[in-house]
Amino acid sequence: MVKGRAGGRNRPVEREDLGAMMFRLGRRLLAMEQPILARHEVTMWAYAVLTALHESPMRTQAALADSIGADKTRLIRVLDDLQERDFITREPDPADRRVRLLALTTRGRRTHQAIVAEIRAAEAGLLATVPEPDQEAFLRTLVALSARTPTT
């Protein structure tokens, strides 16, 4: 329960648990993002890779898999596809030729930026259903909580 103003009085307000609310919101966000990704011919896993590489350009495949919570064997197919379509490069690490260093190409960076812009516009439409101060508080809280959440 959360303290709040129910019926004009300061008393506990019943609410669902966070998991149930986040699950519903997550499904809504995924449904909103899927058509955007499809327009760019990118899967959700590919988008996760592009986003991770945008945040930290040179990563090993193992570090990338760990950071996005993907199985290494599944990730190889995604990386192969992204490399074939010139979204990423995979170069041998000069210090250890068994390791592949990953980076976005210009095409990968542009595609990622276009997807992010479309997703942000869609998110703005969703957030517009609540008052602006609540939007800002929600985003600040979500950023703080997600920064403290392990990816695995």
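Numbering-wise (the working numbering), the sequence shown opens with residue 153 and increments by one. Beta carbons: idealized from backbone N, C-alpha and C, even for Gly. All figures in this text were calculated on a predicted structure; none of them were measured in a lab.
Between which residues of its own chain and residue i is the CB-CB distance below 8 Å, once the five residues before and five after are set aside?
i	result
Thr263	His192, Val194, Leu202, Phe239
Arg292	none
Ala274	Met184, Glu185, Ile188
Lys224	Gln213, Ala214, Ala217
Taking residue i as the reference, which of the options has the closest Cα?
i	options	result
Leu254	Gly178, Ala204, Leu170	Ala204
Leu294	Arg167, Gly178, Arg237	Gly178
Phe290	Met174, Val165, Pro164	Met174
Gly221	Met210, Arg272, Gln287, Ala198	Ala198
Ala276	Val165, Leu181, Thr225	Leu181
Ser219	Pro246, Thr281, Val165, Ala200	Ala200
Anyone know if the C-beta pair for residue i and residue j falls short of 8 Å?
i	j	result
Arg252	Gln213	yes
Leu216	Leu234	no
Leu170	His206	no
Leu231	Arg242	yes
Gln287	Leu279	yes
Leaving out five residues before and five after residue i in sequence, what residues of the same chain have Cβ atoms less than 6 Å from its Cβ?
i	result
Ser208	none
Met196	none
Pro244	none
Note down, in chain order, each residue of its chain lying with its Cβ closer than 7 Å to the Cβ of residue i, except the 5 sequence neighbours on either side.
i	result
Ile271	Glu185, Ile188
Any chance the CB of residue i is under 7 Å from a heavy atom of the ligand SAM?
i	result
Arg252	With respect to small molecules bound, the structure shown includes none, and the ligand SAM cannot be examined in it.
- Please determine if the region 261-279 and the region 179-186 are in contact, where contact requires at least 3 C-beta pairs separated by less than 8 Å. Judged by Cβ distances under 8 Å, the region 261-279 makes contact with the region 179-186, as three or more pairs qualify.
- Query: Of all the alpha helix (DSSP H) runs that stay within the bounds of the region 192-223, which reach a length of 4 or more residues?
  - Reply: As far as the region 192-223 is concerned, its whole alpha helix (DSSP H) runs of at least 4 residues are 196-207, 213-220.
- Query: What are the complete alpha helix (DSSP H) segments, minimum 4 residues, inside the region 237-279?
  - Reply: Correct list: 258-279.
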